[in-house]
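Participant: In the order they appear, the protein sequences are chains A and B. Mapping of the first sequence onto my numbering: position 66 corresponds to residue 66, and the numbering continues sequentially without gaps. Mapping of the second sequence onto my numbering: position 20 corresponds to residue 215, and the numbering continues sequentially without gaps. In this text, a Cβ means the ideal position worked out from N, Cα and C, and glycines have one as well. Encoded as structure tokens, here's the structure I'll be asking about.
2 protein chains.
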Amino acid sequence: MPRSAQFDRSQALNAALKLFWARGYSATALPDLLQAMGIARSSFYASFGSKRELFIECLELFGERTLQGIAAREDSLPPGQLPRAFFENTLLEPSRQRVAQGCMMVNSVLELSEVDAELSEFAASRLDLIESFFARCFTDAQTSGALDSQRSPKELAQLVMTINLGLRVQSRKNPSREYLQSIVDSSLDLLGLTA
Amino acid sequence: MPRSAQFDRSQALNAALKLFWARGYSATALPDLLQAMGIARSSFYASFGSKRELFIECLELFGERTLQGIAAREDSLPPGQLPRAFFENTLLEPSRQRVAQGCMMVNSVLELSEVDAELSEFAASRLDLIESFFARCFTDAQTSGALDSQRSPKELAQLVMTINLGLRVQSRKNPSREYLQSIVDSSLDLLGLTA
DNA sequence: GCCATTCTGTACCGATTGGTACAGAATGGC
DNA sequence: GCCATTCTGTACCAATCGGTACAGAATGGC
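Set out below in structure tokens:
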């Protein structure tokens with residue numbers, strides 16, 4: 001077995017994710033990708049198949065990370081505080097640059113819904129996983145009495161998700177920390193999840 | 196003065212708006228535009244300057260129409276019902292196709308924020324006009340006693356807008372009528388704007 | 001050191017991008 | 001009917017798109 005790969009695949013994948021996340025699918029040209037990933041054209045096609053396949057891989061990775069970022073706190077936080085933790089961790093984090101990129105799944109759904117339905121639906125399905133996670137948490141919490149709300153867990157999850165989507169647009173429109181903080185606060189107050 | 200234009204400029208503009216609205220800026224190619232608008236290449240550049248200028252004009256038109264769609268009801272509806280009227284008129288309208296296109300301003304902010312800051316900020320400024328309209332309405336209503344809420348008008352307008360943005364993503368993700376209806380209902384309930 | 005294998009870098013591909021040049025048709029004033 | 005003007009349609013432009021072909025360098029096993 002001669003000559004192993006001279007680049008770190010997962011590092012290259014991360015670089016691609018970063019670009020796609022910031023600029024979207026169409027606006028990210030191959031030369032830009034290659035430069036950011038630090039690999040040659042042929043290595044690119046050998047390792048990732050095509051731009052589209054790479055994009056799917058990035059989307060999958062982004063979705064997985066996002067979900068993990070929430071789910072990781074399930075054991076240490078009461079379910080009513082999960083939305084706040086999610087919002088604050090992603091919107092009030094140090095890097096304004098990253099916040100200004102919004103959510104890659106939201107960006108992709110909007111960019112591609114009338115252009116590449118398959119990609120758009122894939123991104124949407126990843127968003128649904130997050131909503132389902134919230135719904136499951138709220139269900140558990142309500143049956144165990146840890147959360148009291150006159151709304152059904154499903155409705156609550158839907159509302160959290162709608163506000164989340166709205167926040168992702170807001171964060172792309174204006175990533176200022178105080179601005180987002182104020183919206184997060186009043187949104188959670190509205191939801192009765194002040195904790 | 197010989198030979199007047201042989202096409203209806205505003206009709207062509209509307210056709211362009213439709214395409215840009217559905218597919219976004221980059222994904223809308225010039226040949227597609229020309230065909231939809233029913234004009235020749237040279238007429239296009241003579242009348243609209245460039246693809247980018249045309250896009251701005253469409254964005255302006257879309258923003259104007261959206262704002263008018265809300266403001267037109269200011270005199271006939273109590274201010275607390277303006278958000279519901281806005282949501283229902285745009286999300287529960289007969290054409291699923293149009294609903295699935297979401298809001299052109301939201302779409303543009305997300306598509307272009309890291310690609311063409313000027314266009315993105317222009318779209319964002321048009322969204323701000325809508326938020327300002329709500330803020331003004333709520334202010335008037337609160338001083339006249341027509342609206343009672345423990346929230347400030349500005350905060351209320353911000354929340355309505357955040358939910359609105361979330362709904363525009365939802366509508367692109369899943370334009371189904373019942374789905375959107377349920378989110379609209381619970382959102383307005385949440386805001387205390389059931390009326 | 002040799003060779004098979006698999007990497008990297010680059011030249012190249014046809015298709016498409018937004019935009020321009022220009023020929024020729026059509027239409028106003030006279 | 002004539003002519004200046006302004007339209008329309010198309011040929012063309014360089015640049016870029018995503019993707020492929022292939023030469024040559026590098027590295028494993030022996």
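Classify B/S315: buried if its beta carbon has 16 or more other beta carbons within 10 angstroms, exposed otherwise.
Facilitator: buried
Participant: With a cut-off of 8 angstroms, does the C-beta of A/L165 fall near any C-beta of chain B?
Facilitator: A/L165 counts as touching chain B.
Participant: Would you grab the beta carbon distance between B/F328 and B/P274 for me? Rounded to a whole angstrom, and I think it's under 8 angstroms.
Facilitator: So it is not a contact: roughly 10 angstroms between Cβ atoms.
Participant: Terminal residues of the continuous alpha helix (DSSP H) containing A/A16?
Facilitator: 9-23
Participant: Would you mind working out which of A/R52, A/S186, A/L91 sits nearest A/L112, comparing C-alpha positions?
Facilitator: A/R52
Participant: Is B/E350 buried or exposed, if buried means 16 or more other CB atoms sit within 10 Å of its CB?
Facilitator: buried
Participant: Under a Cβ-count criterion, where at least 16 other Cβ atoms within 10 Å of its own Cβ denotes burial, should A/S187 be classed as buried or exposed?
Facilitator: Counting every other CB atom within 10 Å of its CB across the protein chains shown gives A/S187 a total of 16 or more, marking it as buried.
Participant: If you reduce the DSSP assignment to three classes, tell me which class B/R279 lands in.
Facilitator: helix
Participant: Could you name the residues of the same chain whose beta carbon sits closer than 7 angstroms to that of B/R321, not counting the 5 residues immediately before and after it, in chain order?
Facilitator: Closer than 7 angstroms at Cβ, skipping near neighbours: L254, G258, M300.
Participant: Beta-carbon separation of A/S7 and A/I56 under 8 angstroms?
Facilitator: Per the sequence presented here, residue 7 of chain A reads as Phe, with Ser not at that position. It is not a contact, given that the beta carbons lie outside the stated cut-off.
Participant: A/G49 CB to nearest chain B CB: under 8 angstroms?
Facilitator: Contacts with chain B at 8 angstroms (Cβ-Cβ) do not include A/G49.
Participant: Using CA coordinates, which residue listed in B/L262, B/R293, B/I358, B/A267 is at the minimum distance from B/R218?
Facilitator: B/R293
Participant: In three-state DSSP terms, what is B/L314?
Facilitator: Note: B/L314 maps to helix in three-state DSSP.
Participant: Should B/Q263 go down as buried or exposed, given a rule of 16 or more other Cβ atoms within 10 Å for buried?
Facilitator: exposed
Participant: With a threshold of 7 angstroms on Cβ separation, who are the neighbours of B/N284 within its own chain once the five nearest residues in sequence on each side are excluded?
Facilitator: G264
Participant: Would you check if there are 3 or more beta carbon pairs closer than 8 angstroms linking the stretch 351-358 of chain B to the stretch 369-387 of chain B?
Facilitator: yes
Participant: Nearest-angstrom Cα distance between A/S284 and B/R291?
Facilitator: Limits of chain A in this structure are 1 at one end and 195 at the other, which puts residue 284 of chain A out of reach.
Participant: Mapping the DSSP letters down to three states, classify A/A135 as helix, strand or coil.
Facilitator: helix
Participant: Could you tell me whether the stretch 339-348 of chain B touches the stretch 168-184 of chain A, where touching means 3 or more Cβ pairs closer than 8 angstroms?
Facilitator: no
Participant: Below 8 angstroms on the Cβ atoms is my contact criterion, and I expect B/L229 with B/A222 to pass it. Report the Cβ-Cβ distance as a whole number of Å.
Facilitator: Actually they are not in contact, since the Cβ atoms of B/L229 and B/A222 sit about 15 angstroms apart, beyond 8 angstroms.
Participant: Going by beta-carbon coordinates alone, are B/P278 and B/L388 separated by less than 8 angstroms?
Facilitator: The answer is yes: Cβ separation under 8 angstroms.
Participant: Considering only the alpha carbon of each residue, which of B/C298, B/V310, B/L287, B/A207 lies closest to B/S238?
Facilitator: The shortest Cα separation from B/S238 among B/C298, B/V310, B/L287, B/A207 belongs to B/A207.
Participant: Please tell me whether A/W172 has its Cβ less than 8 angstroms away from any Cβ of chain B.
Facilitator: Per the sequence shown, the amino acid found at residue 172 of chain A is Arg instead of Trp. So yes, A/R172 belongs to the interface.
Participant: Of all the residues that make up the stretch 286-312 of chain B, which are near chain A by a beta-carbon distance shorter than 8 angstroms?
Facilitator: A295, Q296, G297, V301, N302, V304, L305, E306, S308, E309, V310
Participant: Does the distance from the CB of A/L110 to the CB of B/L305 come in under 8 angstroms?
Facilitator: yes
Participant: Taking only runs that begin and end inside the stretch 334-368 of chain B, name each unbroken alpha helix (DSSP H) of 4 or more residues, in chain order.
Facilitator: 348-368
Participant: At the level of alpha carbons, what is the spacing between B/G340 and B/L386?
Facilitator: 18 angstroms
Participant: Classify A/T143: buried if its beta carbon has 16 or more other beta carbons within 10 angstroms, exposed otherwise.
Facilitator: Burial check for A/T143: the Cβ neighbour count within 10 Å stays below 16, so the residue is exposed.
Participant: Closest to B/L216 by C-alpha separation, out of B/T261, B/I378, B/D270, B/L272, would be which residue?
Facilitator: As written in the sequence, residue 216 of chain B is Trp, which differs from the Leu given in the question. Checking every option, the nearest Cα to that of B/W216 belongs to B/T261.
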